[in-house]
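Residues in the sequence shown are numbered from 21 upward in steps of one, following this note's numbering. A virtual CB, placed ideally from N, CA and C, is assigned to each residue, including glycine. Model, not experiment: these values are computed from the prediction.
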Amino acid sequence: MKNIQLQKFESSTDIQRLISWIDSERLNIIWASDKFSFPLDKNQLSDYLNNADKNNILLFKVTEITNNKATVAGHAELDIFGNNIKISRLLIDKTQRGKGYGEQMVKLLIKYIQENIKHTSIFLTVFTFNKPAITLYEKLGFVTTEIDPDFMRYENEIWDRQKMILKI
Ligand SMILES: CC(C)(COP(=O)(O)OP(=O)(O)OC[C@H]1O[C@@H](n2cnc3c(N)ncnc32)[C@H](O)[C@@H]1OP(=O)(O)O)[C@@H](O)C(=O)NCCC(=O)NCCS
């Protein structure tokens with residue numbers, strides 16, 4: 021069985037790794053909407069990390085441990101707004117996609133929420149064209165509750181966004 025763990029995103033190495041993963045403006049928006057400008061840099065991500073507590077967000081990486089070797093495969097964030105909890109900034113390293121890390125990461129986030137935060141529903145937002153992410157969320161039981169048409173424009177495209185909820 022794979023040993024996949026959720027760990028804190030906390031170091032300058034974590035920051036450098038995340039910068040290397042966001043290799044296009046399009047991916048930057050798919051991943052983080054308008055939160056960061058492209059290209060990502062150390063200043064933006066140091067602010068993100070240093071202000072996480074103040075902003076009520078928890079930052080995570082997902083790591084697989086094999087034979088004492090750690091492979092960091094992805095990133096995610098939990099945003100806590102009163103009684104609402106949101107999973108956001110989910111990203112798996114392009115070279116590691118399709119191997120189950122995204123699914124494991126979301127399952128571990130759900131478990132973390134159940135054990136530590138005890139909310140009964142979790143929400144997220146996703147662009148409607150992002151079929152890999154939507155298929156993953158549906159597989160884990162999230163259902164679409166709202167569509168936000170024309171949420172933003174990018175190049176010549178109109179991007180709609182949907183909200184999905186999981187009751188736990
Ligand atoms: C979405 C993302 C996180 C998925 O991560 P992943 O590690 O590749 O996904 P997994 O290998 O764990 O796949 C789990 C399930 O997701 C779905 N899925 C993943 N990739 C898919 C694809 N290309 N097409 C359709 N479904 C897909 C499938 O249901 C899959 O289950 P299956 O293998 O039993 O069919 C990853 O593609 C990614 O980082 N994308 C760019 C950033 C992004 O879109 N983030 C989400 C913002 S809301």
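Residue i versus residue j - alpha carbon distance
i, j, result
"S141", "A90", "32 angstroms"
"N88", "V126", "24 angstroms"
"H139", "F101", "11 angstroms"
"K159", "L110", "16 angstroms"
"L128", "A52", "20 angstroms"
"N63", "T83", "24 angstroms"
"D67", "F56", "11 angstroms"
"D170", "D34", "34 angstroms"
"E135", "Q25", "15 angstroms"
Candidates the options: closest to residue i by CA position
i, options, result
"I112", "S31, F58, L156", "L156"
"F147", "D99, R117, D168, Q27", "D168"
"F29", "R173, L98, P59, I178", "L98"
"I105", "L38, K74, F143, A153", "F143"
"E45", "R181, K183, E175, N103", "E175"
"A93", "G122, T165, P152, N103", "G122"
"M172", "R181, N70, T145", "R181"
Any C-beta of chain C under 8 angstroms from that of residue i
i, result
"T86", "Looking for chain C here will not work: only one protein chain is present."
Rounded distance between the beta-carbons of residue j and residue i, thought under 8 angstroms
i, j, result
"W41", "K114", "7 angstroms"
"I20", "D61", "What is shown of the chain runs 21 to 188, which leaves residue 20 out entirely."
"I137", "F162", "I137 to F162, Cβ: 17 angstroms. No contact."
Proximity of residue i and residue j at Cβ, strictly below 8 angstroms
i, j, result
"I188", "I130", "yes"
"I49", "N150", "no"
"A72", "L65", "no"
"Q36", "K81", "no"
* To do: Scan the segment 21-52 and note each continuous beta strand (DSSP E) run of 3 residues or more that stays entirely inside, going in chain order.
  => Within the segment 21-52, the complete beta strand (DSSP E) segments at least 3 residues long are 24-28, listed from N- to C-terminus.
* At 3 residues or longer, and completely inside the segment 72-115: list those beta strand (DSSP E) runs for me, N to C. => Listed in chain order, they are 77-86, 89-101, 104-112.
* Within the segment 109-186, ranges of the alpha helix (DSSP H) (whole runs, at least 4 residues) -> Counting whole runs of 4 or more residues, the segment 109-186 contains the alpha helix (DSSP H) stretches 121-136, 151-159.
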